[in-house]
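Residue numbers for the sequence shown follow our numbering, beginning at 10 and rising by one. A virtual CB, placed ideally from N, CA and C, is assigned to each residue, including glycine.
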Amino acid sequence: MGSSSVLWQPQKIRADLRIHTSALPTSLIWHQTDFHGILFGCFESDQEVQEHPVTMLTRFEPGGFFGLHGHPGGEEILVLEGNFQDETGVHPPGTYMLNPEGFIHRPFSDEGCLTFVKLRQHGGKTRQQVRTNIFELPWQTGTVAEIEVQPLYEQVGYPEKVWIERWQPGTKLSNVVETEVKEIFVIQGTWSDELGDYPTYSWLRYAPNCPYSPASKDGCLIYVKTYPADSTTRFIVGEDFRHPGETDV
């Protein structure tokens, strides 16, 4: 899955929300990090925004770990392979977590794991913490009969919505138009549109008012997230935020 490269440095990658973009897992460059046994494969990043928001795959080698840290702007984690571990327990594949600002932990993985991660995109101190497993939640009938849904996050006062969709084989839609930014991460199977096919662990972002025609020949399971293109709450980090052990100078 992709190739290894140099040490990760904050940078701008697929940062323009007005442009439809996508990334296949084979196109990722795996960056080494300062943390033991941790590599990043980045889908989107913008070092010019406060605290540097990132969407990526994070790979823990067996025994890989982070030091104790907090999360300015919060984080989302979806465990894809192996067991992700921290002070709250052992989290198997399918575990979804939204950790708001103020949450601190020391993640590690004894056996190694792969996670889909969104950092610093959930500003606001009153966000609810979420911890669940998408393989254990019940399915709901969506607006299209061939597509079932699992709501994961929606909160009054914040613009983001997160859910899982399960597409039946042969599902096709025509000329879908979004009013907000829509992100998709393929958890299982293959998602397609008029521009191509996107296998497991692909990431896409559709811009508002840009029609597309999605389909899934063999069925798929996808993470979906929407938010306004002009959202101001998404990247808010309080001026009083401090990492564990950090004090005012």
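Item                                                                                                                                                         : Value
Ala-32 bridges to which residues according to DSSP?                                                                                                          : Trp-212
Check whether the region 159-173 and the region 198-209 touch, using three or more Cβ-Cβ pairs below 8 angstroms as the test.                                : no
At which residues does the beta strand (DSSP E) containing Lys-127 begin and terminate?                                                                      : 122-128
Between Ser-222 and chain D, is the shortest Cβ-Cβ distance under 8 angstroms, so that the two count as touching?                                            : Judged by its chain identifiers, the structure shown contains no chain D, having just a single protein chain.
Is Gln-177 helix, strand or coil by DSSP?                                                                                                                    : coil
In chain order, what residues of the same chain lie with their CB nearer than 6 angstroms to the CB of Asn-142, ignoring the 5 residues before and after it? : Gly-103 and Thr-104
For Leu-26, name the three-state secondary structure that DSSP assigns.                                                                                      : coil
If distances are taken between C-alpha atoms only, which option among Arg-136, Glu-174 and Lys-134 comes closest to Val-153?                                 : Glu-174
I'd like the list of long-range same chain contacts for Gln-177, defined as Cβ closer than 7 angstroms, with 5 residues on each side in sequence excluded.   : Glu-155 and Gly-228
Work out the CA separation of Gln-41 and Gln-159 for me, nearest whole Å.                                                                                    : 34 angstroms
Where does Leu-87 fall in DSSP's three states?                                                                                                               : strand
Report the residue from Lys-170, Tyr-221, His-29 and Glu-70 whose alpha carbon sits nearest the alpha carbon of Asp-202.                                     : Tyr-221
Alpha carbon to alpha carbon, what distance is there between Glu-85 and Glu-169?                                                                             : 12 angstroms
In angstroms with no decimal places, state the Cα-to-Cα distance between Lys-127 and Met-65.                                                                 : 7 angstroms
Distance check for Lys-234 and Gly-83, CA to CA, integer angstroms please.                                                                                   : 15 angstroms
Starting from Thr-141, trace the beta strand (DSSP E) both ways and give me its first and last residue.                                                      : 139-142
Helix, strand or coil: which one does DSSP assign to Glu-255?                                                                                                : Here the model assigns Glu-255 a pLDDT of 47, short of 50, so the residue's position is not dependable and the matter cannot be decided.
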